[in-house]
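Residue numbers for the sequence shown follow my numbering, beginning at 755 and rising by one.
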Amino acid sequence: MKTSGYEVVEYADTLPRLDLVLMDIRLPYEDGYGALKQIRSAPKLKDTLIVAVTAHASREEMQKCREAGFDGFIAKPIDPDLFPEQIKQILFGNSIWSLG
């Protein structure tokens, strides 16, 4: 688990490919919005799917995530019955915007 956009970018540089980042909106060192900007600014990651995941789920927060450029939104607690299908759909190019 990485806790900042910088750490995600640094870690991604060690990988041959990164398809999806699940980004918590509330991180200890920076919020998910700042991390999103850092990740999107890395040439290698500019097209990587980034989905917001948060316990502070509301229609307003979900709209803010859309406007910020996230590729989807999943509310916590994550539903273990839905989560695998949600990830599959995201990886197949379908966006998920779910308040749970």
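In this text, a Cβ means the ideal position worked out from N, Cα and C, and glycines have one as well.
{"Check": "In DSSP terms, what leucine 774 is bridged to", "Outcome": "Leu803"}
{"Check": "DSSP beta-bridge partners of threonine 808", "Outcome": "Ala829"}
{"Check": "Pick from Val762, Tyr787 and Ala766 that is closest to glycine 823, judged by C-alpha positions", "Outcome": "Tyr787"}
{"Check": "Residue nearest to arginine 780 in terms of C-alpha spacing, selected from Ala809, Leu803 and Leu774", "Outcome": "Ala809"}
{"Check": "Contact belief for aspartate 835 with lysine 798 at Cβ below 8 Å, rounded distance in angstroms", "Outcome": "Not a contact, Cβ separation roughly 34 Å."}
{"Check": "Residues near leucine 803 in its chain [Cβ-Cβ closer than 8 Å; skip 5 each side]", "Outcome": "Asp773, Leu774, Val775, Asp825, Gly826, Ile844 and Leu845"}
{"Check": "beta-carbon alanine 811 near the ligand GDP non-hydrogen atom, thresh 7 Å", "Outcome": "Because no ligand of any kind appears in the structure shown, any question about the ligand GDP cannot be addressed here."}
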